[in-house]
Structure formats: C-alpha cells, structure tokens
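Going by the numbering used here, the first residue of the sequence shown is number 1149, and it counts up by one from there.
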Amino acid sequence: MFTSMTDTQKGIFLAIISFTAFSFGDVFMKYLGQFYSPTTIAFFIAAYVLTFLTILNKKMGGFTATLKTSKWKLHLVRALCFALEFLLIIYGFSNLPMAVSYALIFLAPFIAPLISIPLLGIKPTRQQWVAIAIGFIGVLIILRPGFVPLSLPAIGLLIGAFFFAAGNVLVRKIEDGKQTLLSWAFYVEAVTVLITGAVYVSNPEPVTLSHLAILCGTAAFFMVGLLSISKAFLLAEPADAAPFQYIQILWGILFGYLIFGDIPDQWTLIGGTVIIGTGIWLVRHQKRPVIKDNL
C-alpha cells in the first residue's frame, strides 16, 4: 500500500506516525514524572537516543561529516534551546493534563514568526499578525489569568514553547544543503546529556530496572518520531505535513482520560480548538522568503 502512494501521501502518513510516536513517548514521560526529576528523565532519555544515533550514524550521514560543519556554533545554540525546552516540557507534562500541555506547547508556531524577525530578517505578514494574536487569545482562554492562578508548570510550558520555536527557526538559519540528518539530532542530544548529566552526577537518583526499560522505550518512540518526521518533510511540503502535529492534542485527550483520568474542561477544549484551527491556517499559508544572513 505504501509503495502505491504519492510522495505527498507518504509524507502525510509518516507525519502521522511521527506525531503519534511522540505522543506515546510523552505518555511514558508523564508517567515517569511521578517518580523522578525532569533532569533525571531527560538525562536517561537523551543518553538512550544518543546511543541509538551512534548505532545508526552511518545511515544518517556519519559523525565525520556531521562534526565538520562550519555552523557548529549555531548548532550548539539550537541544541541548548532544545535541551532547555525538553526539561520544561517534562516538568509541564508531569504536573498538567496532557491536553493542556499540548495546547500550550503548540503556541510555538505563533512565536516562531516573531523570533524570525531578528534571526532571519523575515517580517510577518498582516495575516500572520492576526493569526498570532488569535493564537495568543487561545492560550488566554485556556489559562484564564485573573480567574485561575497561573501555575509554574504552565509558565514553564510557555517558556518551553519559546525555546522550541527558537530551535525550529534556527534550523532555517543553519540549513545550507551541507548538513547531515545526524547533525539535527546529535548536537541536541549531546548537549542535553552533558547538561543533565552534570546535574544527575551531582545529585543522583536511583532508577529501577523496570523504569530504565520504560526510559529506553520512551527514547525509542522519540527516535521513531524523529526519523519519521525527517523523512516526512523530505517527501511532502511542510504545509501538507506539519498540520498533522495537532493530532497530538487528540492523543493527549485520549491518553489523559484513559491512563491518567484527566478530563479537559470546556475552556481547554475551546482554547485548544482556537489554537489548532489558527495554527493549521498559519502553517498552510506560510511563505518561504529569502533569509537574510544578518547574524
């Protein structure tokens, strides 16, 4: 069946697999958050992913070509953004319902155009400004500041969305046709291991064998997601594949209810719908203007 699909259909299919795999990984991550700190969880997951990358490195461009890049400084900045984002996501998911967590993280597509102004020299169009404003309104509907106390996990996820958006924008700053597939994951996981490893060594938490197995499974889901989405965006246009990231909110509602007993309230559903609808519109109407090299 897969061979009879068009490239766009294959890309969409792989995007669905990718975002579903990420959601399964998030379930395990949230479960582990009941027992361990975000740094411990991030350290072991990143260490496992780094091990998988080492095994597959030759099929992903190899370490030699990856380390020869002239843009290693930007890679390190991007890696730091994603390392901080990962820690904040673990903290947020461990303390908030999955549907709420996804809704807040999906503010990232609305933040990215704002970050693109200083980093890429790209100014949002009038329509994008409207979409950005509506996206932020969706977040306000969910959080209801002034009516409901703003929690630290929610603030953490909003900051995480900023770092996530910054990391994604930096991809366009780094991409020059010479980067290996391995480079997009290796630097991120290496920096995450170094940062969280230093914290873990200074304050180690004993991890049970069963939880080590779950951490390995979580890393495997993230690897499937990483490889699938990388291939998806090669086969299909981002405007066709990217909107399927919002399937994660549906998975979040389902898993949150079945596994953690979380039932989203009406404000989460309304705000999430606003974010999803506007986010899909924003992705499908993005242009790819010339990037100014002003850094």
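Glycine included, C-beta positions come from ideal geometry on N, C-alpha and C.
All values derive from a computational prediction rather than experimental measurement.
Exclusion of the five residues before and after L1330 leaves N1205, M1208, G1209, T1214 as the residues of its chain whose Cβ lies within less than 6 Å of its Cβ. Assignment of alpha helix (DSSP H) within the region 1218 to 1297, counting only whole runs of 4 or more residues, yields 1220 to 1243, 1246 to 1253, 1256 to 1268, 1274 to 1291 in chain order. Distance between P1186 and K1216, taken at the CA atoms: about 32 Å.
Just measuring C-alpha positions, the residue of I1253, I1270, L1252 sitting nearest L1318 is I1270.
For S1331, the uninterrupted alpha helix (DSSP H) segment begins and ends at 1329 to 1350.
DSSP places F1381 in the helix class (H, G or I) of the three-state scheme.
Annotation: the continuous alpha helix (DSSP H) that includes S1166 extends over 1155 to 1180. Distance between V1339 and L1228, taken at the CA atoms: about 7 Å. DSSP, reduced to helix, strand and coil, places S1299 outside both helices and strands of the structure shown, so it counts as coil.
For secondary structure counted as the alpha helix (DSSP H) over 4 or more consecutive residues, the region 1305 to 1331 holds no complete run. Taking the CA atoms as reference points, L1201 sits about 14 Å from F1192. The residues F1167, S1171, Y1250, in chain order, have a CB closer than 6 Å to that of Q1396 in the same chain once the five nearest residues on each side in sequence are set aside. T1356 carries a coil assignment under DSSP once its states are collapsed to helix, strand and coil. Three or more Cβ pairs drawn from the region 1306 to 1320 and the region 1221 to 1240 lie within less than 8 Å of each other, which places the two stretches in contact.
In this structure, DSSP gives P1412 a state outside helix and strand, which the three-state scheme calls coil. For the pair V1175 and I1407, the CB atoms are nearer than the 9 Å cut-off. In this structure, the alpha-carbon of W1429 lies about 14 Å from that of R1274. In the structure shown, the three-state DSSP call for K1216 is coil. The criterion of a C-beta distance shorter than 9 Å is satisfied by P1301 and G1240. Per DSSP, F1200 is one residue of the alpha helix (DSSP H) stretching across 1186 to 1204. Within the same chain, Cβ atoms closer than 8 Å to the Cβ of W1415 are found at I1289, I1290, R1292, the five residues on either side in sequence being excluded.
When rounded, the separation of the alpha-carbon atoms in L1224 and K1178 is 27 Å. Cβ contact annotation for F1183 (same chain, cutoff 7 Å, sequence separation greater than five): H1359, in chain order. As the crow flies, the alpha-carbon of D1388 is around 45 Å from that of S1350.
If you ignore the 5 residues before and after A1390, its C-beta comes within less than 6 Å of the C-beta of V1431, all in its own chain and listed in chain order. Remark: C-beta atoms of V1372 and I1165 approach each other more closely than 9 Å. Under the criterion of beta carbons closer than 8 Å, R1320 and L1268 qualify as touching, at roughly 6 Å.
Around the CB of K1158, 16 or more other CB atoms lie within 10 Å, so the residue is classed as buried.
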